[in-house]
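Protein chains in written order, with my numbering: chain A, 137 to 247; chain B, 2 to 116. Quick reminder that beta carbons are idealized off the backbone N, C-alpha and C, glycines included.
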Amino acid sequence: GNSVTQMEGPVTLSEEAFLTINCTYTATGYPSLFWYVQYPGEGLQLLLKATKADDKGSNKGFEATYRKETTSFHLEKGSVQVSDSAVYFCALMNTGNQFYFGTGTSLTVIP
Amino acid sequence: DSGVTQTPKHLITATGQRVTLRCSPRSGDLSVYWYQQSLDQGLQFLIQYYNGEERAKGNILERFSAQQFPDLHSELNLSSLELGDSALYFCASSVGGRGVQETQYFGPGTRLLVL
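Written out as C-alpha cells, the structure reads:
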C-alpha cells in the first residue's frame, strides 16, 4: 500500500538553527513527493516537490531530496526564521493520482 | 490568497443532517480536489475531478459524494452526518489533471462541526 510517515512534533527551534523534518514513504510504483506548509488559519501551500528519484526540490531556503534507496524525502533548512513557524506535511501522489499525507509536524521558531 | 474560494467558512449542524460544501477553483484550473483534515485522521485525500469527470478517488465514504459542474465549480455533499465527520474540509485546484506533475492551490477550508 501507500503511506507516509513523518517525524512527530512539535519541534521548537531557535532562530537561525538548522531544521530537519524526517519523512519516509511506502509506495507502489514511482510516486511523486511533496512538502506542504500550513500557516495558522490557512490552507496548505505547496513548499516543494520532486517527481523522480534523486530529484531535489527547493524553495524559500528549504530543500528535500527524493531518495529511492532509503524511501525518504527529508525536509531541511539551514537557518530557520520566526516566519517559518507552521505545520509541515509530507505527501506522496501515486500514479493513480491519489494523495497520501503524513500526520504533519508542527514547527515553532523562537527569536 | 490562492484564488480558490470555499463557502461557507463555518458550518454547524446536527447528526443525521446533510450539508453541501462549495468550491470555486482558480480561474483556468480544470481540476478540483477535496480533502478532509481532522485531529484523529490527519489530512486525507477524498476525491479529484477533472473537467467535470471523476479522476481519482481516495478515502471518501459512501455517505459523501461530489460533483464538478460545467462552470468548473465543485460541491461536496455530506449526508447522514456523524460526530466524527467534524473536520476542516479543503478544496484545491490545479491547471490540468495529470496529477503527479500538478501544483495544487488550496482554499481556506470549510470548518464543519456536527453536534
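- If you check each beta-carbon in the stretch 42-63 of chain B against every beta-carbon of chain A, the ones closer than 8 Å belong to Gly-43, Leu-44, Gln-45, Phe-46, Gln-49, Arg-56, Ala-57, Lys-58 and Gly-59.
- For Leu-22 (chain B), the uninterrupted beta strand (DSSP E) run begins and ends at 20-25, by DSSP.
- Interface flag for Gln-234 (chain A) against chain B is set, since a Cβ pair is found closer than 8 Å.
- Two segments are said to touch when three or more pairs of C-beta atoms, one from each, lie closer than 8 Å; by this definition the stretch 218-228 of chain A touches the stretch 171-184 of chain A.
- For the pair of segments examined, the stretch 62-71 of chain B was found not to touch the stretch 6-14 of chain B: the number of CB pairs separated by less than 8 Å stays below three.
- Residue environment: Pro-146 (chain A) is assigned as exposed (fewer than 16 neighbouring CB atoms within 10 Å of its CB, all protein chains considered).
- Using a Cβ distance threshold of 8 Å, Tyr-34 (chain B) and Ala-88 (chain B) do not count as a contacting pair.
- The alpha-carbon separation between Ala-200 (chain A) and Glu-212 (chain A) amounts to approximately 6 Å.
- With a threshold of 8 Å between beta carbons, Glu-178 (chain A) makes contact with chain B.
- Here Val-5 (chain B) is actually not in contact with Leu-82 (chain B); their C-beta atoms are around 24 Å apart, not less than 8 Å.
- Where Leu-77 (chain B) is concerned, the enclosing beta strand (DSSP E) starts and stops at 75-79.
- Within chain B, the residues whose beta carbon sits less than 8 Å from that of Gly-240 (chain A) are Gly-43 and Leu-44, listed in sequence order.
- Judged by DSSP in its simplified three-state form, Leu-62 (chain B) adopts coil rather than helix or strand.
- For Thr-244 (chain A), same chain residues with a beta-carbon under 8 Å away, outside a window of 5 residues either side, are Pro-146, Val-147, Thr-148, Leu-149 and Ser-221 in chain order.
- For Phe-46 (chain B) and Leu-155 (chain A), the gap between their C-alpha atoms comes out near 27 Å.
- As DSSP reads the structure, His-11 (chain B) sits in a beta bridge with B:Arg-112.
- Under the 10 Å beta carbon count, Gln-18 (chain B) is surrounded by fewer than 16 other beta carbons and is classified as exposed.
- When DSSP reads this structure, Thr-241 (chain A) sits in a beta bridge with A:Tyr-224.
- Residue burial annotation: Ile-157 (chain A) is buried, with at least 16 other C-beta atoms found within 10 angstroms of its C-beta.
- Exposure of Leu-84 (chain B) is indicated by the presence of fewer than 16 other C-beta atoms within 10 angstroms of its C-beta.
- Ser-75 (chain B) is outside the set of residues whose beta carbon lies under 8 Å from a beta carbon in chain A.
- Bounds of the beta strand (DSSP E) holding Val-147 (chain A) are 147-150.
- Collapsing the DSSP output to three states places Leu-183 (chain A) in a strand.
- Cβ contact annotation for Thr-16 (chain B) (same chain, cutoff 8 Å, sequence separation greater than five): Leu-82, Glu-83, Leu-84, Val-115 and Leu-116, in chain order.
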